[in-house]
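A.B. asks: Quick one: this structure, given as C-alpha cells, is what I'll be asking you about.
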Amino acid sequence: MWMGLLLGGQGWMGEQEILFAEFATTVPRGGAWFSFLKPNNLKRGHTMGNKFFMGVAALAAAGSVFGADRLSATEKGSLLIYSNVDGIIHVSNDYPADVRIQAYVEAKAFSEEGFTCESYDMAFTLTANQITSFDSQALAAPFGENAGFPSVYMWAVNGDNAQMRWNHLSGGIIGSGVYASAQALQGNNGDAVGVAGTINMDGVEYSSAYNGAVLNFVADETFLAIELLNKDFADKNAAPATTKIVAEIWNADEVKFSGTARCVTCVYGDSVSDWSDTAVNFFRHINLGTDLGKARLSTEANGSCGDDSAEHAFLAGAYFGLGSVAGTGTRSATITYGLESEPEEAGKVRKAFGLLRK
C-alpha cells in the first residue's frame with residue numbers, strides 16, 4: 052500500500068497550509084488491495100474504472116488569524132470552488148431546509164488553433180441535509196474530447212437567482228483537484244448578499260481570495276494546479292483572466308533562484324518541469340541541484356502574456372501528494388453571472404448528460 056499524505060496547519064506570518072492527501076486503489080474481483088497509480092499527465096480522461104484516486108486539496112483556515120475572512124476547505128460556506136477536477140465532486144447541505152444552487156462549469160477546450168476558456172451554467176436544488184455528486188468526465192463532455200480538466204463554481208441563490216448567505220454548504224473531491232469554500236459574511240441565513248449577479252470575494256461580502264502561494268515541491272515531479280479566480284460568466288465574449296505566475300525558488304541548500312515564470316489563462320494544470328516561458332526552469336533537478344525545493348508564487352501584469360494580462364487572485368494546489376501549497380496574503384476576486392434562465396439549446400446539450408436544470 053502506498054499513501055502520499057501531506058498535512059499542514061497555519062503557517063508563519065498568517066500563511067495557510069493547503070492540505071493534500073492522495074491515495075490510489077485497485078479493487079479486484081473477490082478481494083481488495085491497494086497500489087499507487089501515478090498518471091503521467093494532467094489531461095482529462097484518466098480511466099477511473101476499478102482504479103480511482105481519493106484526494107483532498109484544500110486551503111485550511113482553522114486557527115488562522117483571518118478565520119472565515121479567507122478561503123477554506125475545513126469550513127462550510129455559501130460558495131464552493133472545485134478546480135482542475137479529475138474524479139467525483141460532492142456537495143452537501145446541512146440545513147433543515149431546501150436550497151437552490153447556481154453552478155458554472157469551466158474548462159479549456161483545445162483545437163488546432165489553440166484553446167479557449169469555455170463555460171456553461173446549470174442549477175439544482177439540495178433538499179434538507181442532502182448530499183449529491185457529479186462526475187468530472189460527464190461535466191467536461193460538452194466541451195469535447197480534447198478539453199482539459201473542468202473547474203466548477205457553486206453558490207446558494209434565492210428565488211430571483213441572486214446570491215445569498217447560506218453557510219451550510221460543504222464539499223470535496225474524490226479524485227484529484229483543488230477545493231475551497233467561501234463564507235458569506237453579511238446578513239442572516241437566506242439573505243441576499245451584495246449586488247445580484249456579482250460575487251465579491253473581498254473579505255467583506257464573501258471570504259477573501261489569496262494573493263499568492265508558497266509551494267514545497269519535488270524537483271521534476273510535482274504537478275501544480277492554478278486557478279485564476281476572477282470570472283466573468285455573464286459575458287461569453289469577455290477575455291478570460293490572464294497573468295504571469297512568477298516563481299522565486301530556493302533549493303534545499305537555501306540557494307535562491309529567480310527568473311522562472313509562466314503565463315496562465317483562466318486555469319492551469321501540469322508538471323512544474325514543463326514550465327517553458329523562461330530560459331531556465333529551476334523546478335528541474337538539473338538546475339535546482341537538490342531533490343526538494345520551495346517556491347514563492349505571485350502574479351504580475353506582463354505584456355508577454357497578452358494585452359489583458361493583469362495581477363489576479365488565484366487558488367493553487369499540488370497533485371498526487373508530491374508537494375504542498377500554502378496560500379499567502381489576501382486579494383479580492385469577483386465572479387459575475389447572468390440572472391436570466393439558460394437558453395433552450397444549452398439545456399438540450401446538458402439534458403443528454405443528465406445536467407439539465409430541475
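Number 115 in our numbering belongs to position 64 of the sequence shown; there are no gaps in the numbering. All C-beta atoms in this analysis are idealised placements derived from N, C-alpha and C, irrespective of residue type, glycine included.
Measuring only the C-alpha atoms, how far is residue 225 from residue 199?
C.D. replies: The sequence position of residue 225 within the sequence shown is 174, counting from 1. The sequence position of residue 199 within the sequence shown is 148, counting from 1. Their Cα atoms are separated by approximately 18 Å.
A.B. asks: Quick check: the region 158 to 171 against the region 123 to 132, are there 3 or more CB pairs under 8 Å?
C.D. replies: no
A.B. asks: Does DSSP classify residue 358 as helix, strand or coil?
C.D. replies: Locating residue 358 in the sequence shown gives position 307, where the first residue counts as 1. The answer is coil: DSSP assigns residue 358 none of H, G, I, E or B.
A.B. asks: In this structure, does DSSP put residue 243 in helix, strand or coil?
C.D. replies: Taking the first residue of the sequence shown as position 1, residue 243 is located at position 192. Here residue 243 sits in strand by DSSP.
A.B. asks: Considering only the alpha carbon of each residue, which of 143, 193 and 194 lies closest to residue 206?
C.D. replies: For this step, residue 206 is matched to residue 155 along the sequence shown. When each option's Cα is compared against that of residue 206, the closest is 143.
A.B. asks: Since I believe residue 373 is in contact with residue 272 (beta carbons under 8 Å), could you give me their beta-carbon distance rounded to a whole number of angstroms?
C.D. replies: Locating residue 272 in the sequence shown gives position 221, where the first residue counts as 1. Locating residue 373 in the sequence shown gives position 322, where the first residue counts as 1. So it is a contact: roughly 5 Å between Cβ atoms.
A.B. asks: Is residue 366 closer than 8 Å to residue 236 when the C-beta atoms are compared?
C.D. replies: Your numbering for residue 236 matches position 185 in the sequence shown. Your numbering for residue 366 matches position 315 in the sequence shown. The answer is no: Cβ separation not under 8 Å.
A.B. asks: Count the other CB atoms within 10 Å of the CB of residue 411; is the residue buried (16 or more) or exposed (fewer)?
C.D. replies: No information on residue 411 is available, as it lies outside the stretch 52 to 409 that the chain covers here.
A.B. asks: Spell out a yes or no on whether the region 284 to 298 and the region 342 to 357 are touching, meaning 3 or more CB-CB pairs, one atom from each, closer than 8 Å.
C.D. replies: yes
A.B. asks: Name, in chain order, the residues that DSSP records as bridge partners for residue 163.
C.D. replies: Residue 163 sits at position 112 when you count from the first residue of the sequence shown. DSSP lists no partner for residue 163.
A.B. asks: Report the CB separation of residue 174 from residue 154 in whole angstroms; it is logged as a contact under 8 Å.
C.D. replies: Here residue 174 corresponds to residue number 123 of the sequence shown, with the count starting at 1. Here residue 154 corresponds to residue number 103 of the sequence shown, with the count starting at 1. 6 Å between Cβ atoms; contact.
A.B. asks: Measuring straight from C-alpha to C-alpha, what distance separates residue 286 and residue 264?
C.D. replies: Here the question's residue 286 lines up with position 235 in the sequence shown. Here the question's residue 264 lines up with position 213 in the sequence shown. Taking the straight line from one Cα to the other gives about 29 Å.
A.B. asks: Around the C-beta of residue 156, are 16 or more other C-beta atoms found within 10 angstroms, so that it is buried, or is it exposed?
C.D. replies: As a first step, residue 156 must be located in the sequence shown, where it is residue number 105. The residue in question, residue 156, is buried, as its Cβ has 16 or more Cβ neighbours within 10 Å.
A.B. asks: Run the CB neighbour count on residue 147, radius 10 Å, all protein chains shown included, and call it buried at 16 or more, exposed below.
C.D. replies: Sequence index remark: in the sequence shown, residue 147 carries index 96 (1-based). Counting Cβ neighbours within 10 Å, residue 147 comes out exposed, since fewer than 16 surround it.
A.B. asks: Please state whether DSSP places residue 180 in a helix, a strand or coil.
C.D. replies: The residue you call residue 180 lines up with position 129 of the sequence shown. Residue state, collapsed to three classes: coil.
A.B. asks: Return the CA-CA distance between residue 149 and residue 176, expressed in angstroms with no decimal places.
C.D. replies: As a position in the sequence shown, residue 149 is number 98, starting the count at 1. As a position in the sequence shown, residue 176 is number 125, starting the count at 1. Approximately 7 Å, taken between the alpha carbons.
A.B. asks: Restricting to Cα atoms, I'd like to know which of 315, 267, 158 and 251 is closest to residue 303.
C.D. replies: Taking the sequence shown and counting its residues from 1, one reaches residue 303 at position 252. Per the Cα distances, 267.
A.B. asks: Taking all protein chains shown into account, decide if residue 341 is buried (16 or more other Cβ within 10 angstroms of its Cβ) or exposed.
C.D. replies: The sequence position of residue 341 within the sequence shown is 290, counting from 1. Per the 10 Å Cβ criterion, exposed.
A.B. asks: Given a threshold of 16 other Cβ atoms within 10 Å of its Cβ, counted over all protein chains shown, does residue 130 qualify as buried or as exposed?
C.D. replies: Counting from one through the sequence shown, the residue named residue 130 turns up at place 79. The residue in question, residue 130, is buried, as its Cβ has 16 or more Cβ neighbours within 10 Å.
A.B. asks: Which residues in the same chain as residue 376 place their Cβ atom closer than 6 Å to its Cβ, once the five residues preceding and following it in sequence are excluded?
C.D. replies: Taking the first residue of the sequence shown as 1, we reach residue 376 at position 325. Around residue 376: 69, 264, 266, 367, 368 and 369.
A.B. asks: Alpha helix (DSSP H) containing residue 187: first to last residue?
C.D. replies: The sequence position of residue 187 within the sequence shown is 136, counting from 1. Residues 187 to 191.
A.B. asks: Going by the CB atoms, is the gap between residue 208 and residue 151 shorter than 8 Å?
C.D. replies: Taking the first residue of the sequence shown as 1, we reach residue 151 at position 100. Taking the first residue of the sequence shown as 1, we reach residue 208 at position 157. Yes, Cβ-Cβ distance for residue 151 and residue 208 is below 8 Å.
A.B. asks: Quick one: what's got a C-beta closer than 6 Å to residue 158's C-beta in the same chain, skipping five residues either side?
C.D. replies: The residue labelled residue 158 in the question sits at position 107 within the sequence shown. Correct list, in chain order: 191, 194, 198, 199 and 201.
A.B. asks: Just to check, is the beta-carbon of residue 244 closer than 7 Å to a non-hydrogen atom of the ligand NAD?
C.D. replies: The ligand NAD is not part of this structure, which contains no ligands at all.
A.B. asks: Between the Cα of residue 217 and those of 210, 385, 239 and 211, spot the shortest distance and give me the residue it belongs to.
C.D. replies: Locating residue 217 in the sequence shown gives position 166, where the first residue counts as 1. Residue 217 has its Cα closest to that of 239, out of 210, 385, 239 and 211.
A.B. asks: Under the three-state reduction of DSSP, which class applies to residue 212: helix, strand or coil?
C.D. replies: Numbered from 1 along the sequence shown, position 161 holds the residue referred to as residue 212. Coil.
A.B. asks: Taking the beta carbon of residue 181 as the centre, do at least 16 other beta carbons fall within 10 Å, making it buried, or is it exposed?
C.D. replies: The residue given as residue 181 occupies position 130 in the sequence shown. Exposed, by the Cβ-count rule.
A.B. asks: Evaluate residue 320 with the Cβ neighbour count: other Cβ atoms within 10 Å of its Cβ, from every protein chain shown; 16 or more gives buried, anything less gives exposed.
C.D. replies: The residue given as residue 320 occupies position 269 in the sequence shown. Residue 320 is buried by the Cβ-count criterion.
A.B. asks: Once DSSP output is grouped into helix, strand and coil, what is the label at residue 175?
C.D. replies: Looking up residue 175 in the sequence shown gives position 124. Residue state, collapsed to three classes: strand.
A.B. asks: Taking only three categories from DSSP, how would you classify residue 324?
C.D. replies: Translated into positions along the sequence shown, residue 324 becomes position 273. If DSSP states are grouped into helix, strand and coil, residue 324 belongs with the helices.
A.B. asks: I'd like to check one pair, residue 136 with residue 245: are the Cβ atoms closer than 8 Å?
C.D. replies: Within the sequence shown, the letter at position 194 stands for residue 245. Within the sequence shown, the letter at position 85 stands for residue 136. Cβ distance not < 8 Å, so residue 245 and residue 136 don't count as in contact.
A.B. asks: Please say whether residue 183 and residue 261 have beta carbons closer to each other than 8 Å?
C.D. replies: Working through the sequence shown from its first residue, we reach residue 261 at position 210. Working through the sequence shown from its first residue, we reach residue 183 at position 132. Result no, Cβ atoms of residue 261 and residue 183 do not sit closer than 8 Å.
A.B. asks: Flag this pair as yes or no: are the beta carbons of residue 294 and residue 312 separated by less than 8 Å?
C.D. replies: Taking the sequence shown and counting its residues from 1, the one referred to as residue 294 is at position 243. Taking the sequence shown and counting its residues from 1, the one referred to as residue 312 is at position 261. Going by C-beta atoms, residue 294 is not nearer than 8 Å to residue 312.
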